[in-house]
Amino acid sequence: MKTILLGISGSISAYKAADITNELTKMGYKLDVVMTKNSTEFITPLAIQSLSHRRVHLDVMDEPDAALINHIALAKNADLFLVAPASANMVGKLANGIADDLLSTVALALLPDTPKIIAPAMNTYMYQNPIVQRNLKTLKDVGYQEIVPREALLACGDYGRGALANVSDIVHVVNSKLKE
């Protein structure tokens, strides 16, 4: 059974991580889920835990097994790393090697050959911002695959590219990558 390390960052689209978790679990994948503090403002860890049937990881200082360093163990056990949704903040952290929460710390500890997928979700002007685009390019240059956001009416009322890709598209990309 392959293990997917799913990172959920603080975006209004975080609620869609429940559907992603549910679909990938139904397909037989084991999900280790890491949520940022901000993501828990949009969806509860209990909801994700109920769908993944596994403990949700929240804090870099929480070490559930004294024999293991949690962020290293999570990274080593991952057959694929997916961040969905990836906020502008998380994209910036990942692109610049900032490790100030469990999700960004685990990302730095991933084995070099672990497939890495990022599904951004943010306001269209944030997504188009040259800094965010530079950060996404940096991530692609180091091996991340981007699942491009959709054009849609966003939660803020703006219309444009920035909505999280469709759950079915994210699941398809993940499944295809793991079948390679």
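Residue numbering for the sequence shown is 1 to 180, as defined by UniProt numbering.
Backbone N, C-alpha and C fix where the C-beta goes; we use that ideal spot for every residue, glycine too.
Sequence-distant residues of the same chain with beta carbon closer than 7 angstroms to residue i, five excluded per side
{"i": "Thr68", "result": "Residue identity check: residue 68 is Leu in the sequence provided, not Thr. Result list for Leu68: empty, nothing under 7 angstroms."}
{"i": "Tyr15", "result": "Phe42 and Ile43"}
{"i": "Leu31", "result": "Ile4, Leu6, Thr21, Leu24, Thr25, Ser52 and Arg54"}
{"i": "Ile170", "result": "Ile20, Ala84, Ala119 and Ile147"}
{"i": "Ala155", "result": "Ile12"}
{"i": "Gly143", "result": "Lys116"}
Residue i - DSSP class collapsed to helix/strand/coil
{"i": "Tyr29", "result": "coil"}
{"i": "Lys93", "result": "helix"}
{"i": "Pro85", "result": "strand"}
{"i": "Pro120", "result": "strand"}
{"i": "Met126", "result": "helix"}
{"i": "Leu136", "result": "helix"}
{"i": "Leu102", "result": "helix"}
{"i": "Leu58", "result": "coil"}
{"i": "Thr40", "result": "helix"}
{"i": "Ile4", "result": "strand"}
{"i": "Glu146", "result": "strand"}
Contact set for residue i: own chain, Cβ-Cβ below 8 angstroms, skip 5 residues either direction
{"i": "Asn129", "result": "Ala88"}
{"i": "Ile98", "result": "Gly92 and Ser104"}
{"i": "Pro64", "result": "Arg55 and Asn70"}
{"i": "Met61", "result": "none"}
{"i": "Met27", "result": "Val171 and Asn175"}
Within 7 angstroms, strictly: CB atoms of residue i and residue j
{"i": "Lys116", "j": "Ser104", "result": "no"}
{"i": "Pro45", "j": "Leu164", "result": "no"}
{"i": "Gly162", "j": "Asn123", "result": "yes"}
{"i": "residue 208", "j": "Ala75", "result": "Only positions 1 to 180 of the chain appear in the structure, and residue 208 is not among them; the question remains open."}
{"i": "Ile48", "j": "Val34", "result": "no"}
{"i": "Leu178", "j": "Leu80", "result": "yes"}
{"i": "Ala121", "j": "Ser39", "result": "no"}
{"i": "Val174", "j": "Leu108", "result": "no"}
Extent of the continuous beta strand (DSSP E) run through residue i
{"i": "Ala152", "result": "Arg150 to Leu153"}
{"i": "Ala163", "result": "Tyr159 to Ala163"}
{"i": "Glu63", "result": "It is not in any beta strand (DSSP E) - Glu63 carries neither H nor E in the DSSP assignment."}
Residue i, enclosing alpha helix (DSSP H) - first and last residue
{"i": "Leu74", "result": "Asn70 to Asn77"}
{"i": "Leu46", "result": "Pro45 to Ser52"}
{"i": "Val142", "result": "No alpha helix (DSSP H) contains Val142, which DSSP labels as neither H nor E."}
{"i": "Asp169", "result": "Val167 to Lys179"}
Contacting residues, own chain, Cβ-Cβ under 6 angstroms from residue i (five flanking each side not counted)
{"i": "residue 223", "result": "With the chain represented from 1 up to 180, any question about residue 223 goes unanswered, as that position is not in the structure."}
{"i": "Leu153", "result": "Tyr159"}
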